[in-house]
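*Asks:* For the sequence shown, counting from 1, position 265 maps to 789 in this note's numbering; every step adds exactly one. For each residue, glycine too, the CB sits at the ideal point set by N, CA and C. Dumping the structure here so I can ask a few things about it.
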Amino acid sequence: MKKIENFILQWKERGYEKGEAQVFWLQFLRDVLEVQEPEKLVKFEVPIPNGYIDALIEDTKVLIEQKSSTVKLDEEVFQQAKKYNDTLEYSRKARWIVTCNFKEFQIYDMNKRKPEVEPLKILLAELPEKFQMFEFLIDRQKLKMRQEEEISVAAGKVVDKLYETLKQNYLNPDDEKSLQSLNKLCVRLVFCLYAESSGIFGKHKIFTEYLERENELRRGLRDLFKILNTPEKLRDPYEDELNKFPYVNGGLFADEEIEIPRISEATRNILVNEICNFKWKDISPTIFGAVFESTINVKYRRAGGMHYTSPTNIHKVIDPLFLEELKAEFKNVKGKKKLLEFQNKLSQLKFFDPACGSGNFLTESFISLRRLENEVLRELIGNQILLGEFVNPVKVSIQQFYGVEIDDFAVAVAKTALWISELQMLKETAEIIHKPLEVFPLKSYSNIHEGNALKIDWQEIISAAECSYIISNPPFVGKSFQTREQKADMAKIFEGVKGYGNLDYVACWYKKAVDFIAGSQIRCAFVSTNSICQ
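Here it is, written out as C-alpha cells:
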C-alpha cells in the first residue's frame, strides 16, 4: 500500500502526455499492480495506418489512450481510441479501452453494446481502495509462466556451463560410462543447488560453503552423497559438518558407483562463484526438466524424435482433458464434507505418460492438481491457525504419476523434476495452512520406468482399472528416418495390418493406447502433428 501512496504523491502534480506517459504506466504496473518487469508486458507508440496507439497490452487485449492532465476525458477521447482499435487486426483488437489523463482513469468494456454510456471512472486518489479493479490489465498466470520460462531457459544455460566445466575434469570425457556418470553428477548437484536456494537444506548457503571449504572436492562430494542417502540415526555422530545436511532418500543419492573426477580449482571457482549464485529456487520443474535434458542430451533427443513442449502447449492438452472439468466441479463444491470428498477424488486420480521424456507432462499435471488441492485447503482452513496435534493435510502425491522412458538419464531427470515440484508445492501449501511441512526424507519413487514403451506391457506399469488419464508427447519419426529398431517396433505393434510401413513412428503409441483403454473409462490425449494421417 505504501508504494501506491507514493505513486499518487509522485503523480498528483504531474501529467505531460508526450514526456511522461510511458514512465507513468510502467510505474503504475510496477508499483500499483506489482508487475516485476512491466516493460515486457506493455508496448508503447504502436504504429497503425493513421497514427500511433499510446500503449497496448496484447496479453490481455487492453488499449490505452493517454492524455495530458489538462485534457478532459470525454467521449471524443474515447472515440479516438475506438478508431485506433478499429484499425487493428481482429486477433489484436482490444477488449478493454482505458483513457487516462494522469488524474483519472476511464475504463470501457468493449464487450458491451454501448461501452461509451457508462465507463468505469477511477480517480488517481482512489487507487488505494480501487487498485484491484485494474486486475484486467494483466494475466497473472501468463506472466508467471513467462517468468518461469525465462528463468528456466537461463537455468539451462547454467546447466550447460556446469556440464562442460565438469566434463573437462574427466580422464576420458567422451567415454560412454564417464558421460553417464557426468549426467548423474549434474542431476545430483542441481538438486542440491535447488535445495539450498529454496531453504529446504536449512542453513543458508550450506552447500556452497561446503564446496568452498572441502580441500579435496572429489572425496567431499562422495562423502556428501553418501550422507544424503543415510538416515540420521545410522550416521557417524562425529561427522559434524556432514550431519548438518538432512536425509534426502528417494533414490536420488542411492549408493551406486558413479565416477566423480578430481575437481580442479578452476572448476571449484566456477561452481562456487557462478553456478551456486543462480536463483535455483525460481526454476519451473516443468520446463527445467526438458531444458536440462536437451542441454546435455542434444544428439540423443534429435535421433529419438523427442522435442520440448512448453507449459502453454502442455495446458492445451491437459486443460480440456481433465483440468477444466475439475476446476468447474470445484466451483460448485460447498461445505467441509464435500470439499474433503473432492480432495479425496483428486488424490485417487492416476496419470500415465508412456513417452515421458524428462517428465514435463507429468510434472505440469502434478503441479496443476496440487494447486487445485491447495485451493481446497484454502477453503477448508481459511485464516485459521491450526492448533493441537498436526496432521499433514496434503493428499495429492507424485505417487499418482506413472511414466515410461527409454533413456536412463531422462528417467533420472523426470524423477528429479517431480521431486522438485513436490518440494515447491509443499512450500506453497505451508503458506496456506500457516504451518511448516516436513519435506525430507523424500519417499522412494519408482513409478517412472526405464524401457521401450512399445515393448513393455503397459499393464505392468499401471493397470487399466487404476488409470484415469493417459497424456503424452510421443516421438515423431517419419518412415524414411526410422532406425532398424524403430521399424521392428512398428512391425510388432501393427502385426497383421496392411500398409503400416507408411505410418509415422508416433502411430505406435496410438495403437497401444487404443488397445489399453478398450472397455475402460480412461481418457487419453497425445500431442501430434498431421503426420499421423498423411
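Given 8 Å as the limit, is there contact between the segment 781-795 and the segment 733-744, that is, 3 or more CB pairs closer than that?
*Replies:* yes
*Asks:* Can you give me the Cβ contacts of residue 983 inside the same chain, cut-off strictly under 8 Å, excluding the 5 residues immediately before and after it?
*Replies:* 1040
*Asks:* Just checking, does the segment 559-579 make contact with the segment 653-673 on the three C-beta pairs under 8 Å criterion?
*Replies:* yes
*Asks:* So is residue 591 buried or exposed if we call it buried at 16+ other beta carbons inside 10 Å?
*Replies:* Under this definition residue 591 is a buried residue.
*Asks:* Could you tell me whether the Cβ atoms of residue 903 and residue 863 are closer together than 8 Å?
*Replies:* yes
*Asks:* Under 8 Å between C-beta atoms, does residue 891 make it to chain C?
*Replies:* Considering every chain present, this structure includes no chain C. It has just one protein chain.
*Asks:* Quick check on residue 742: buried or exposed, where buried means 16 or more other Cβ atoms within 10 Å of its Cβ?
*Replies:* Burial is judged here by how many other beta carbons sit within 10 angstroms of a residue's own beta carbon; residue 742 has fewer than 16 and is exposed.
*Asks:* What residue does the alpha helix (DSSP H) around residue 835 start on, and which one ends it?
*Replies:* 835-842 is the span of the alpha helix (DSSP H), which, as asked, contains residue 835.
*Asks:* Could you give the DSSP three-state label for residue 1048: helix, strand or coil?
*Replies:* strand
*Asks:* CA-CA distance, residue 656 and residue 553?
*Replies:* 12 Å
*Asks:* Give me the Cα-Cα distance between residue 627 and residue 529, rounded to the nearest whole angstrom.
*Replies:* 14 Å
*Asks:* What three-state label does DSSP hand residue 671 in the structure shown?
*Replies:* helix
*Asks:* Check the C-beta distance from residue 472 over to residue 549 and give it rounded, since I have them as a contact under 8 Å.
*Replies:* Any property of residue 472 remains undetermined from this structure, which presents the chain solely from 525 to 1058.
*Asks:* Roughly how many angstroms lie between the CA atoms of residue 778 and residue 577, to the nearest whole one?
*Replies:* 59 Å
*Asks:* Using CA coordinates, which residue listed in 882, 880, 879 and 871 is at the minimum distance from residue 892?
*Replies:* 871
*Asks:* Would you say residue 880 and residue 972 are within 8 Å of each other, going by their C-beta atoms?
*Replies:* yes
*Asks:* Might you give, ordered along the chain, the residues of its own chain that have their beta carbon closer than 6 Å to the beta carbon of residue 646, omitting 5 neighbours on each side?
*Replies:* 629 and 654
*Asks:* If you measure between the beta carbons of residue 878 and residue 994, is that distance less than 8 Å?
*Replies:* Yes, they are a contact pair.
*Asks:* For residue 775 and residue 699, what's the separation of their Cα atoms in angstroms?
*Replies:* 25 Å
*Asks:* Judging by CA-CA distance, which residue of 762, 748, 573 and 767 is the nearest neighbour of residue 756?
*Replies:* 767
*Asks:* When DSSP labels each residue in this structure, what does residue 680 get in the three-state scheme?
*Replies:* helix
*Asks:* Using 8 Å for Cβ pairs, my map puts residue 791 next to residue 695. What's the rounded Cβ distance?
*Replies:* With 8 Å as the limit, residue 791 and residue 695 do not qualify as a contact, their Cβ atoms being about 14 Å apart.
*Asks:* At what residues does the beta strand (DSSP E) containing residue 567 begin and finish?
*Replies:* 567-572
*Asks:* Please give the ranges of any alpha helix (DSSP H) in the segment 526-562, keeping only runs that are unbroken, at least 4 residues long and fully inside the region.
*Replies:* 526-535 and 541-551
*Asks:* Helix, strand or coil for residue 629 per DSSP?
*Replies:* Residue state, collapsed to three classes: strand.
*Asks:* Could you name the residues that DSSP lists as bridge partners for residue 623?
*Replies:* 589 and 630
*Asks:* Who does residue 990 pair with in a DSSP beta bridge?
*Replies:* Looking at the DSSP assignment, residue 990 forms no beta bridge with any residue, so it has no partner.
*Asks:* Indicate the three-state DSSP secondary structure (helix, strand or coil) for residue 1012 in the structure shown.
*Replies:* helix
*Asks:* Which term fits residue 623, buried or exposed, when burial requires 16 or more other beta carbons within 10 angstroms of its beta carbon?
*Replies:* buried
*Asks:* Could you give the residue range of the beta strand (DSSP E) that holds residue 698?
*Replies:* Where residue 698 is concerned, there is no enclosing beta strand (DSSP E), given that its DSSP letter is neither H nor E.
*Asks:* Using a threshold of 7 Å, is the CB atom of residue 748 nearer than that to any non-hydrogen atom of the ligand GDP?
*Replies:* Ligands in the displayed structure: none, and consequently the ligand GDP is not present.
*Asks:* Reducing DSSP to helix, strand and coil, say where residue 1059 ends up.
*Replies:* Nothing in the structure corresponds to residue 1059, since the chain is present only between 525 and 1058.
*Asks:* Taking the alpha carbon of residue 1052 as the point to measure from, which residue in 1001, 900 and 835 has its own alpha carbon closest?
*Replies:* 1001
*Asks:* Here's the rule I'm using: 16 or more other beta-carbon atoms within 10 Å means buried, otherwise exposed. How should residue 1005 be labelled?
*Replies:* exposed
*Asks:* Can you give the Cα-Cα distance for residue 1021 and residue 707, rounded to whole angstroms?
*Replies:* Between residue 1021 and residue 707, the alpha-carbon positions lie close to 40 Å from each other.
*Asks:* Thinking residue 607 and residue 721 are a contact (beta carbons under 8 Å), I'd like their distance in whole angstroms, please.
*Replies:* No, residue 607 and residue 721 are not in contact; Cβ-Cβ is about 50 Å, not under 8 Å.
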